[in-house]
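Residue numbers (the numbering used here): 1 to 105.
One structure is given below, encoded as structure tokens.
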Amino acid sequence: MDDTLTKLAAVLEQRKQASPDSSYVAKLYGKGLDAILKKIGEEATETVMAAKDGVADKIVYETADLWFHSMVLLAHQGLGPEDVLRELDRRFGLSGLEEKASRGE
1 MDDTLTKLAA VLEQRKQASP DSSYVAKLYG KGLDAILKKI GEEATETVMA
51 AKDGVADKIV YETADLWFHS MVLLAHQGLG PEDVLRELDR RFGLSGLEEK
101 ASRGE
């Protein structure tokens, strides 16, 4: 797993024990799942808007925000980037159509 994801995952775990007044992530955890999901929705929308604008720097910036908040969700749910990477690795070599069929979609 990429070192940046590993370091970020460790910080997100540490923030679970922190006071909500001490960091943005601790405050987000304190607000609960619905607040985290709302942020992911906002960041997904901003990523789509950046892509529509077609400005590479904006796309990267907003995608980073989306990934970050998705990692907050994973940590909140007791998961980590390694779980997602394992799933992506499982799918490697499957066509998208085969993968969707395996889920019954």
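The beta-carbon is built from N, C-alpha and C at its ideal position, and this holds for glycine as well.
For clarity, every value in this text was computed on a predicted model and none was experimentally measured.
Whether residue i touches residue j by CB criterion (8 Å)
{"i": "Glu87", "j": "Glu62", "result": "no"}
{"i": "Leu28", "j": "Val72", "result": "yes"}
{"i": "His69", "j": "Leu33", "result": "no"}
{"i": "Leu12", "j": "Val25", "result": "yes"}
Extent of the continuous alpha helix (DSSP H) to which residue i belongs
{"i": "Lys81", "result": "The sequence shown places Pro at residue 81, rather than the Lys named in the question. Counting along the chain, the alpha helix (DSSP H) containing Pro81 begins and ends at Pro81 to Arg91."}
{"i": "Gln14", "result": "Asp3 to Arg15"}
{"i": "Val48", "result": "Leu33 to Asp53"}
{"i": "Ser70", "result": "Ala56 to His76"}
Straight-line Cα distance separating residue j from residue i
{"i": "Gly54", "j": "Lys39", "result": "22 Å"}
{"i": "Gly41", "j": "Asp57", "result": "20 Å"}
{"i": "Ser22", "j": "Lys31", "result": "14 Å"}
{"i": "Asp89", "j": "Pro20", "result": "35 Å"}
{"i": "Gln14", "j": "Gly78", "result": "13 Å"}
{"i": "Ser95", "j": "Lys52", "result": "27 Å"}
{"i": "Arg91", "j": "Lys16", "result": "31 Å"}
{"i": "Ser102", "j": "Lys7", "result": "33 Å"}
8 Å contact criterion, which residue i and residue j should meet: CB distance rounded
{"i": "Ala50", "j": "Ile36", "result": "Rounded, the Cβ-Cβ distance is 21 Å, inconsistent with contact."}
{"i": "Glu43", "j": "Leu74", "result": "The pair is not a contact, with the Cβ atoms about 14 Å apart (cut-off 8 Å)."}
{"i": "Ala18", "j": "Gly80", "result": "About 18 Å separates the two Cβ atoms, so there is no contact after all."}
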